[in-house]
Amino acid sequence: MILNSISRGKTQSVYTSCLSSFLWHSLAFGISGRSLSNSVINLGIRDQCADALSQLGFEYEVLAEQEGDAALGNGGLARLSACQMDSLATLDYPAWGYGLRYQYGLFRQVILDGFQHEQPDYWLNFGNPWEIERVHVSYPVKFYGTVEEETLNGKSCQVWLPGETVEAVAYDNPIPGYGTRNTINLRLWAAKPDGQYDMESYNTGDYINAVVNRQRAETISSVLYPDDRSHQGKELRLKQHYFFVSASLQDIIRRFKDGHNNFDDFPEKIALQLNDTHPSLAVVEVMRVLVDEEHLGWDQAWNIVCKIFSFTTHTVLPEALEKIPVDLLGSLLPRHLQIIYDINFNFMEELKKRIGLDFNRLSQMSIVEEGAVKSIRMANLSIVCSHTVNGVSRMHSELLKTRVFKDFYELWPHKFQYKTNGVTQRRWIVVSNPSLCALISKWLGTEAWIRDIDLLIGLQEFAADADLHQEWKMVRKVNKMRLAEYIEAMSGVKVSLDAMFDVQIKRIHEYKRQLLNILSIIHRYDCIKNMEKTQRRKVVPRVCIVGGKAAPGYEVAKKIIKLCHAVAEKINNDADVGDLLKLIFVPDYNVSVAELVIPGADLSQHISTAGHEASGTGCMKFLMNGCLLLATADGSTVEIIEEIGEENMFLFGAKVHEVPALREKSSDDKAPLQFSRVVRMVRDGHFGFKDYFKSLCDGVEGDSDFYLLGSDFASYLEAQAAADKAFVDQEKWTQMSILSTAGSGRFSSDRTVEDYAETTWGIEPCTCPS
Ligand code: GPK
């Protein structure tokens, strides 16, 4: 969960009075990944640390590896926030991040017989040395109860009489910026029982129940929900949302009140960024606090809300748009439900004035969805209450405007913007690829690119330089060796360093099409098997690496993992194939694994069906590291093409505007014979588990090939062949690799955050006084 808040206004005074709160929430707010290496780099004390440790008899790298991976998030969305926090700190912005201090992060993936099993990740086992527990910064968070009407100063008002109170205790996680003294704070909330004892139970002798009830409070922040897309109306999840929102807002408002007593100044000082809909209850909570507790009039409060919130959405998938059943919301947060109804009533009245009685449109845009389960549409609520609605890539924003939120765009075109995602070069080059970092600095003659990423373009000048090629290849080889050692230690499979390391690592989703990758690996295997021995010499050897977690309840994704293992088992043990093809599944993919795998990859795959990946950030990490991309024109890859040119990557597949028509076409017209052949191999039990894989095959054949694996297969194979061809010419490949890194500057989160600061939040950097 992230709510980010930012302070606006004069920079110096803002810094010292520290009014900022960058209320940027995603339920899955990530501090994802380790902290130590990033922090010592940003503080500029890496060498001193290494020296000091060696005097104590420790090796810095070995020690850094001991840190657990804090996986307090699910995937791209969470890691994006971590990158943006790094950039906010580095660029001296006065910002705060808020989230939940889950006791159990994202589950650990254990593979048994090729099947995924989930194990709890109790990441606090050895404590967390980087956090500071603020026992004195705690707030009561209330749930349940009833709402009563009362009269105050002759005016009637609503009073919420809550039924349960839980305490939110702050844990601070400092995020130092690079090359600056500025350090910002990620404040995570842990749930503790309310200080008030349940006296009645104690008095009536129900001691055990009283203690059990106290413990129940702690469950609110105990576990991260591991599905990043489908949100069934679970009470605990809603409790997490509100717990997080309420505590963060109390914190922000307390800080504001420290120096101000007029809420009209609130929008001058505070910007709150809704990072997806998980924190969207914040808009309702601010209304509640202003109207019920601060006794502002509705219109005055509404004016304030509309000025402080901006909303970023991270998806195009309808199933990822959160809806909360009204019954659930009404029982947990009765006053909030009333406020939502009031907001919606006003919105509907305004809308009727604008569009008339177009009931279809009115019902689609309504915050309340009628139907079998009456629900609150959190995205609609966020759009209505925010001054800006951001997409995470240009293509995403276009889809929002023309499809997902078309009606809203027609109503409020000025609200819609986009900020293409970015990643921080501090973690994704400096920390994870130190030899490439040194090489870049050497050739650019400066380390300034670590703060000023645009300088990377300077590498273009040397893209054909034979000396740079030599050194570039050496760095890449060393990283491949490191990865090969890891693969051997983890899977027992020895891989050849001469092979192309071809990687697809990300959450397992049908739209991300790991299945397309596996089917093409089967095709490659089948081709090798059917070749004359002499022909085999021409095959470009490949090590295909796949990694990713499936949501525990996502059956199809779990079958894809099993298929990957079944195919790997067959290929890796086939003496005919040898080093020509290997398939490796990297278990328990997380940020630390990514830091090892990305620098060692030659080729990486970003092959979602066009129009499904809102942005994608993995592609940016690979790009920065000089890995070539094999991709569809989806999300941010469209912008990557503009930066490095189509000739420096391997593009394939249907374009976004072609997808609807292709879906209409019957599958026999679109899937090539090779596709039917590989699917048949799976169906026929070539890799075992025939019955188990049947539904996977059914899902990509006939008319059910929603993600267009069949129709994209031929062009995918062509792109794969083009990659093979390019790899044979190592000088050409190296040049493409250098140009990839050189062209990656636009995909730094520094650029994203600067853009947000200037065009959405209206804040300026404030340099920390020395
Ligand atoms: C989007 F909606 C969601 C979600 O629930 N989880 C998640 O990781 C990702 N995302 C998108 O899938 C990516 O395309 C995008 O780059 C990332 O969020 C950050 O914006």
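Sequential numbering of the sequence shown, starting at 23, is according to my numbering.
Backbone N, C-alpha and C define an ideal beta-carbon position, used for all residues, glycine too.
Query                                                                                                                                                                                 : Result
Determine the extent of the beta strand (DSSP E) in which S353 is found, giving its start and end residues.                                                                           : Note, S353: premise wrong, no beta strand (DSSP E); alpha helix (DSSP H) at 348-354.
Taking 7 Å as the cut-off, does the CB of R251 come closer than this to any heavy atom belonging to the ligand GPK?                                                                   : yes
Please classify K534: is it buried, with 16 or more other beta-carbons within 10 angstroms of its beta-carbon, or exposed?                                                            : buried
State the DSSP-derived secondary structure class of W465, mapped to helix, strand or coil.                                                                                            : helix
Mind checking T468: buried by the 16 CB within 10 Å criterion, or exposed?                                                                                                            : exposed
When the Cα atoms are used, what is the spatial distance from T424 to V411?                                                                                                           : 14 Å
Given the structure, does S637 come close to the ligand GPK, in the sense that its CB is under 7 Å from one of the ligand's heavy atoms?                                              : yes
In this structure, how does DSSP classify A676 when only helix, strand and coil are distinguished?                                                                                    : coil
Taking H336 and D298 to be in contact with their CB atoms under 8 Å, please state how far apart those CB atoms are, rounded to whole angstroms.                                       : 5 Å
In whole angstroms, give me the CA-to-CA distance for D21 and L210.                                                                                                                   : Because the chain spans 23 through 792 in this model, residue 21 falls outside it and cannot be assessed.
Using the beta-carbon count (16 or more within 10 Å), is R546 buried or exposed?                                                                                                      : buried
What I want to know is whether the C-beta of A342 ends up closer than 7 Å to one or more non-hydrogen atoms of the ligand GPK.                                                        : yes
Can you list, in chain order, the stretches of the alpha helix (DSSP H) that have 4 or more residues and sit fully within the segment 604-636?                                        : 613-619
At which residues does the alpha helix (DSSP H) containing P682 begin and terminate?                                                                                                  : 681-686
Is T659 near the ligand GPK, going by C-beta to nearest heavy atom under 7 Å?                                                                                                         : no
Okay, do the segment 743-755 and the segment 606-620 touch, 3+ Cβ pairs below 8 Å being the bar?                                                                                      : no
Going by C-alpha distance, which of W118, I785, K643 is nearest S796?                                                                                                                 : There is simply no residue 796 to check, as the chain begins at 23 and stops at 792 in what is shown.
H47 by DSSP, collapsed to three states: which one?                                                                                                                                    : Residue confidence is low: H47 scores 37 on pLDDT, short of 50, so the model does not pin down where it sits. Its coordinate-derived value is still stated next. Coil, per DSSP.
Checking the sheet assignment: what are the DSSP bridge partners for H139?                                                                                                            : V132
Find the nearest neighbour of S419 within the set M400, W434, Q439, judged by alpha-carbon distance.                                                                                  : Q439
The ligand GPK and D298: does any heavy atom of the ligand fall closer than 7 Å to the residue's C-beta?                                                                              : yes
Quick one, are the C-beta atoms of A86 and L65 less than 8 Å apart?                                                                                                                   : no
Which runs of the alpha helix (DSSP H), 4 residues or longer, sit entirely within the segment 695-755?                                                                                : 695-705, 712-720, 731-750
Rounded to whole angstroms, what is the Cα-Cα separation between H589 and K716?                                                                                                       : It should be pointed out that residue 589 corresponds to Val in this sequence rather than to His. The straight-line gap from Cα to Cα measures roughly 15 Å.
Closest to W783 by CA distance: which of P791, R68, T774 is it?                                                                                                                       : T774
State the DSSP-derived secondary structure class of V565, mapped to helix, strand or coil.                                                                                            : strand
Are L541 and V700 close, meaning C-beta to C-beta below 8 Å?                                                                                                                          : yes
Can you check which of these residues, W450, N96, R238, is closest to S771 by C-alpha distance?                                                                                       : W450
Check Y193 in the structure and name its three-state DSSP category.                                                                                                                   : strand
So, are the CB atoms of R529 and K571 less than 8 Å apart?                                                                                                                            : yes
Going by the C-beta, is T763 closer than 7 Å to any heavy atom of the ligand GPK?                                                                                                     : no
As an exercise, report each continuous alpha helix (DSSP H) stretch of at least 4 residues that is fully enclosed by the segment 434-491, in chain order.                             : 456-466
Give every residue of the same chain whose Cβ lies closer than 6 Å to the Cβ of C790, excluding the five residues on either side of it in the sequence, and list them in chain order. : R203, N204
Output the boundary residues of the beta strand (DSSP E) element that contains C179.                                                                                                  : 177-183
According to DSSP, what are the bridge partners of N412?                                                                                                                              : T334, Q439
Taking 7 Å as the limit between beta carbons, can you name the residues of its chain near F430, skipping five residues before and five after?                                         : M387, I405
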